[in-house]
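Shown next, in structure tokens, is the structure this report addresses.
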Amino acid sequence: MCGIVGYVGRAPVVEALLDALGRLEYRGYDSAGVAVLNSQGLEVRKRVGKIRELAATLRRRPITGHLGVGHSRWATHGEPTERNAHPHVDCTGKLAVVHNGIIENYGPLKERLIAKGHKFASQTDTEVIVHLVEEFAKRHPIPEAFRLALKELRGSYAVCLIAEQDAKRLFGAKNGSPLIVGIGQHESFFASDVPAILSRTRRVVYLNDLEVVELTAEGPKLTTLEGKPVRRNPTTVDWDITAARKGGYPHFMLKEIHEQPEAIEQTLFNRLDPAKGRIVFDRRSKRFLDGLSPSEQFIIIACGTAYHAGLVGEYMLEELARVPVDVDLASEFRYRGASLNRHTTVIAVTQSGETADTLAGIRLAKAQGAKVLAVCNVMGSSIAREADAVLYTHAGPEIAVASTKAYTSQVTALALLTLYLAKQRRHVPPAQWRKLVDGLASLPRLIDQALASEPAVKAIAAKYAAARNFYYLGRRYNFPSALEGALKLKEVCPVIHAEGYAAGEMKHGPISLIRKGWPVVFVATASPVYEKVISNIEEVRARKGECIVIASEGDAAIKRHADSLITVPRTEEFLSPVVVAVPLQLFAYYVADANGADIDQPPNLAKSVTVE
Ligand code: F6R
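Heads up, the numbering used here is the position in the sequence shown plus 5, with the first residue counted as 1.
Okay, structure coming up:
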């Protein structure tokens, strides 16, 4: 996953590719590479690290030519190494591909290709594509071999191919992942995102799923997978570069909120098999989890938003897997003198994998003989490297400082872990198990539905944007949601003070501040404590506070308790924090926007806190 570029034209290809890759750097990546066709044949250069390091390699070992592809990779499946970096080549070294997306059936395809004698060099799913094309190219011309290979793929892809056998053009196709064609003056481009090419052309052809392109310097020829011609006129992009980077959204935060269905799909990919009712983990994680003692003690450590995900994890693991769990702020854990032993598993939840307190926490845990499992988004990060096993969240790069998709994918990963342990320990009766698994499988769709609340949330945010104090209250699984909602608001709108509490705590102090017009956001979705939350709402209303209530769809009775109502799709209770997070994030976003806040980079905050 990350940036794809392709170039054919009169300019030196390496310069064009590096320029385009550089313009996608803001998306984050861990390795990069290019493949070029010239009179020597196919030449490839790759580097772990930054584009400037790839550029340095290309200065030392230059390649000339006028046709090539490039890629910046943000590792999802397979570590960030040179071998796993794109482009990937076939056994003959004559074909090269770059790819974004996930090939869901790469396992069986790889086995089939290995049986036919293909040699694989990387751990990626991408590599099957180039070997498939190689296989078909034994009997078909390249355009046909490419289409036949694409027909075998299940999953999502944006893919570009270059072939020594057909050296005057590039090939590209998409299904689910973005790929565009740029048309310049005697030069053409492929790119996964508009900003890559905006400095050279504004004439763009947006590809639809399952369309294939043959691209020369004079422009694209589009066909279906069956080879039928497709006509599409170019459109002119009128975004400036800043808007283009955000995919047309005004802020990265809003873009990332909208990316959540896809992010969660990635977290679940290859791990949840709803048909068989199974949770499957990679070999290392499975060995780790299967080796735990029946009396294992779990301690979740994390900071900020990741800590809130950890709190949701505590509810899940204790209720469904029946394992004892403590949750600690990593900054407290490292100084509280906890006594750990070899039957303790510390679960470190972290987007960046670099947070100083969380890293220090796992080092301390290991020094005392405990085991460490990381729930982490960034492959190859310090925490991912030092942990005994890692459940990657695969949420993709998160650029806004405020965490959104990383949070919901952390909760989803903890849900997978919970169901795995619950099954292993036989704690859930089969009928309930089916419901939990089906609920988890439907999460991407439910988040999509929750996003439909955006216009309503925006209107409610406008109504309360002038308020300067907010409470957020919830119970059980949505007590952490209350903490997270409040954190999101004060983080992105630093003129507002927001506080999250367990709703049952209100009478023990916070209620003293409630007065006319004081806004309180309640999470009152379906749960065994629903009636108790309603009582808390009424306590606020009795003091003339304003209740903004997030409730489950179809709850007709809630209307008379709410001054403003937001509904979210019904879910199994343990997954409700994921769905509820969407309106909480949108509310924070629109309140901050109405206050003119610097949403993506709030003052005093950094994306990765690498100091104590
Ligand atoms: C809040 C936020 C922070 C991080 C925290 C931990 O929106 O982003 O609170 O959650 O700094 O960071 P990671 O997850 O990288 O360890």
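All residues carry an ideal CB built from backbone N, CA and C; glycine is no exception.
{"Asked": "Which residues DSSP lists as bridging residue 477, in chain order", "Found": "505, 526"}
{"Asked": "Reduced DSSP category for residue 233 - H, G, I as helix; E, B as strand; rest coil", "Found": "coil"}
{"Asked": "Any non-hydrogen atom of the ligand F6R within 7 Å of residue 5 CB", "Found": "Outside the shown range of the chain, which is 6 to 617, sits residue 5, and nothing can be said about it."}
{"Asked": "Strand pairing of residue 303, partner residues [DSSP]", "Found": "330, 350"}
{"Asked": "Alpha helix (DSSP H) runs wholly inside the region 57 to 126, at least 4 long, in chain order", "Found": "111 to 120"}
{"Asked": "Sequence-distant residues of the same chain with beta carbon closer than 7 Å to residue 528, five excluded per side", "Found": "479, 483, 486, 487, 555, 585"}
{"Asked": "Close-in-space but distant-in-sequence residues of the same chain around residue 430 (CB under 7 Å, 5 per side omitted)", "Found": "326, 327"}
{"Asked": "Residue of 526, 511, 90 minimising C-alpha distance to residue 491", "Found": "526"}
{"Asked": "Residue 202 (DSSP reduced to helix, strand or coil)", "Found": "coil"}
{"Asked": "Among 281, 206, 232, nearest to residue 245 - alpha-carbon criterion", "Found": "206"}
{"Asked": "Residue 44 classed as buried or exposed, judged by whether at least 16 other C-beta atoms fall within 10 angstroms", "Found": "exposed"}
{"Asked": "Beta carbon of residue 587 nearer than 8 Å to that of residue 456", "Found": "yes"}
{"Asked": "For residue 626, the three-state DSSP class (helix, strand or coil)", "Found": "The chain is shown only over 6 to 617; residue 626 falls outside these bounds and no answer can be derived."}
{"Asked": "heavy atom of the ligand F6R below 7 Å from residue 139 C-beta", "Found": "no"}
{"Asked": "Beta-carbon gap between residue 417 and residue 583 smaller than 8 Å", "Found": "yes"}
{"Asked": "Rounded C-alpha distance that separates residue 120 from residue 427", "Found": "37 Å"}
{"Asked": "heavy atom of the ligand F6R below 7 Å from residue 407 C-beta", "Found": "yes"}
{"Asked": "Endpoints, alpha helix (DSSP H) assigned at residue 444", "Found": "435 to 446"}
{"Asked": "DSSP-derived helix/strand/coil call for residue 428", "Found": "helix"}
{"Asked": "Integer-rounded CB distance, given that residue 414 should sit under 8 Å from residue 310", "Found": "Rounded, the Cβ-Cβ distance is 11 Å, inconsistent with contact."}
{"Asked": "Reduced DSSP category for residue 212 - H, G, I as helix; E, B as strand; rest coil", "Found": "coil"}
{"Asked": "Same chain, Cβ closer than 7 Å to residue 444, five either side skipped, listed in chain order", "Found": "576, 577, 580"}
{"Asked": "For residue 314 and residue 157, the rounded distance between their alpha carbons", "Found": "38 Å"}
{"Asked": "Burial state of residue 105 (16 or more Cβ within 10 Å)", "Found": "buried"}
{"Asked": "Check: residue 334 C-beta below 7 Å from any heavy atom of the ligand F6R", "Found": "no"}
{"Asked": "Same chain, Cβ closer than 6 Å to residue 147, five either side skipped, listed in chain order", "Found": "168, 170, 171"}
{"Asked": "Chain-order list of residues whose beta-carbon lies under 7 Å from that of residue 88 (same chain, five-residue window excluded)", "Found": "126, 127"}
{"Asked": "Backbone secondary structure at residue 193 - three-state DSSP", "Found": "strand"}
{"Asked": "Check: residue 20 C-beta below 7 Å from any heavy atom of the ligand F6R", "Found": "no"}
{"Asked": "Residue 461, DSSP secondary structure in three states", "Found": "helix"}
{"Asked": "Host beta strand (DSSP E) of residue 184 (start-end)", "Found": "That residue, residue 184, is in no beta strand (DSSP E); it is neither H nor E in DSSP."}
{"Asked": "For residue 487, the first and last residue of its enclosing alpha helix (DSSP H)", "Found": "484 to 497"}
{"Asked": "Residue from 504, 523, 502, 264 with nearest C-alpha to residue 402", "Found": "264"}
{"Asked": "Segment limits, alpha helix (DSSP H) that includes residue 291", "Found": "288 to 295"}
{"Asked": "Distance CB(residue 614)-CB(residue 165) smaller than 8 Å", "Found": "no"}
{"Asked": "Alpha helix (DSSP H) segment containing residue 162, residue limits", "Found": "Unbroken run through residue 162 is the beta strand (DSSP E), 160 to 168; no alpha helix (DSSP H)."}
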